[in-house]
Amino acid sequence: MLPMKATVERLPGLDELFIKPLPEMEPGQFEQWTALLKQRTGMRLPDNRMSFLVTNLGMRMRELGIADFQAYYDYVTAGREGVVEWGHLVHHLTVHETRFLRHENVLALIVQHCLPAAPADCPAEPLSIDVWSVGCSTGEEPYSVAMAIDDRMRQLGVPYFLGMMASDISRTALATGRVGAYNHEKVRDIGSRWLKRYFTETDTGRFQVSEELRKRICFNHLNILQVDDAPVGKMNIILCLNLLIYFDREQRIQIANTLADHLQPGGMLILGVGELLNWEHPHMKRFPYANTLAFQHQ
9 MLPMKATVER
19 LPGLDELFIK
29 PLPEMEPGQF
39 EQWTALLKQR
49 TGMRLPDNRM
59 SFLVTNLGMR
69 MRELGIADFQ
79 AYYDYVTAGR
89 EGVVEWGHLV
99 HHLTVHETRF
109 LRHENVLALI
119 VQHCLPAAPA
129 DCPAEPLSID
139 VWSVGCSTGE
149 EPYSVAMAID
159 DRMRQLGVPY
169 FLGMMASDIS
179 RTALATGRVG
189 AYNHEKVRDI
199 GSRWLKRYFT
209 ETDTGRFQVS
219 EELRKRICFN
229 HLNILQVDDA
239 PVGKMNIILC
249 LNLLIYFDRE
259 QRIQIANTLA
269 DHLQPGGMLI
279 LGVGELLNWE
289 HPHMKRFPYA
299 NTLAFQHQ
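The structure is reproduced here in structure tokens:
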């Protein structure tokens, strides 16, 4: 066995294995980055989130071998490469904390109050259910909603059509959602009946969402502040959970008003609890349900 000194000498460049700290971000650089983020996404980053910005910028900068915040800013804001790089950066800067069946009360609200209670309540023609998952991240939320709706309609034994739009600003997250393949940890909260019905375990140990479920969901890249530029129709159910926290109050109201305008009469808008207080809309009425923030179109 080589002595310790000899061992180190035989490993030139060992110091390169250690992550070198990035320089501190100057206040002016923080303002520059937050202004860019708000301009392009509408997201607001307060002063107390500087460490969050530095950490997430740093992760991407190390991947590219860039050690200066200004150099990276110049790269992101210049040319075609900058456009592509911005897409990667947005994925780092938007939190993708999500899991299957994360909001059980929301699913219960949808099943109990947005779907027929009995076969006799269903129309003669197949029922059409249009849903929009805003800020869908990597797909766990829209797939959870689709499973809950399909399970309920199977119980009723009536034909129906489910069309769901799932939108997000991160193209990377959307790509994961479209594939619909998740590791065992991701599906741990799904009961065995749903897991058997809606997933197939692959040779690599991942769980693939069934084609029947995947073809009902259309994943679209969309900035929520630019909905007017997108062909979005009228929905029966709109979910916007854990997204409004990124915006200031004026923007939250703007987003909620826009979503309300895309609801059919009787449709339900479901927001994250505590994300929008004292909001009023002439066509929306608060729908009381435990641990949810829901409004019904009148």
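Count the sequence shown with this note's numbering and you get residues 9 to 306, in order.
Built from N, CA and C at the ideal position, the CB exists for glycine as well.
For residue i, which residues from the same chain have a beta carbon less than 7 Å from its beta carbon, with the 5 sequence-adjacent residues on both sides left out?
i	result
Leu252	Arg260, Ile263, Leu279, Gly280, Glu283 and Leu284
Thr146	His104, Thr106, Ala181, Thr184 and Gly185
His291	Ala268, His305 and Gln306
Thr102	Ile177 and Ser178
Trp287	Ile261 and Ala264
Lys293	Phe303, Gln304 and Gln306
Looking only at its chain, what residues have a beta carbon closer than 6 Å to the beta carbon of residue i, apart from the 5 residues adjacent to it on each side?
i	result
Val166	Pro127 and Cys130
Asp256	Arg52
Trp94	Val84
Asn250	Gly280
Val240	His270
Ala189	Arg214 and Gln216
Asp341	Missing from the structure shown is residue 341; the chain here goes from 9 to 306 and no further.
Identify which residue in the options has its Cα closest to the Cα of residue i.
i	options	result
Phe108	Met67, Gln234, Gly241 and His192	His192
Leu44	Asp76, Glu32, Ala75 and Tyr80	Tyr80
His270	Leu135, Phe60 and Trp140	Trp140
Pro35	Ile118, Ile198 and Asn56	Asn56
His100	Arg110, Glu71 and His121	Glu71
His289	Gly274, Pro273 and Asn265	Asn265
Arg196	Leu97, Arg294 and Arg110	Arg110
Leu164	Lys293, Pro150 and Pro134	Pro134
Lys223	Asn64, Leu61 and Gly171	Gly171
Glu258	Thr42, Gly50 and His96	Gly50
Leu65	Trp41, Phe295 and Met161	Trp41
So residue i packs on residue j, CB below 8 Å; how close in whole Å?
i	j	result
Phe215	Phe207	4 Å
Met276	Ala302	6 Å
Leu30	Met69	7 Å
Leu267	Ile245	Incorrect: roughly 11 Å between the Cβ atoms, too far for contact.
Ala154	Ile74	Actually they do not touch by this definition, with Cβ atoms about 40 Å apart.
Phe169	Ser136	5 Å
Phe77	Met58	With 8 Å as the limit, Phe77 and Met58 do not qualify as a contact, their Cβ atoms being about 11 Å apart.
Leu317	Ser152	What the structure shows of the chain is the stretch from 9 to 306, and residue 317 is not part of that stretch, so it cannot be assessed.
Asp159	Trp202	7 Å
Val142	Cys248	4 Å
Please list, in chain order, all residues of the same chain as residue i whose beta carbon is under 8 Å from its beta carbon, the five residues on each side excluded.
i	result
Met12	At Met12, the pLDDT of 44 sits below 50, so the modelled position is not reliable; the number obtained from the coordinates is stated separately. So no residue of the chain qualifies.
Asn113	Tyr297, Ala298, Asn299 and Thr300
Only counting runs of 3 or more residues, tell me where the beta strand (DSSP E) segments fall wholly within the segment 249-302, in order along the chain.
271-279 and 292-295
Any contact between the segment 158-177 and the segment 216-233? By contact I mean 3 or more CB pairs, one from each, below 8 Å.
Put simply, the segment 158-177 touches the segment 216-233. At least three CB pairs are less than 8 Å apart.
What ranges does the alpha helix (DSSP H) occupy inside the segment 95-165, keeping only unbroken runs of at least 4 residues that lie completely in it?
Inside the segment 95-165, DSSP marks whole alpha helix (DSSP H) runs of 4 or more residues at positions 112-121 and 148-164, from first to last along the chain.
Give the list of continuous alpha helix (DSSP H) stretches no shorter than 4 residues that lie fully inside the segment 217-250.
219-222
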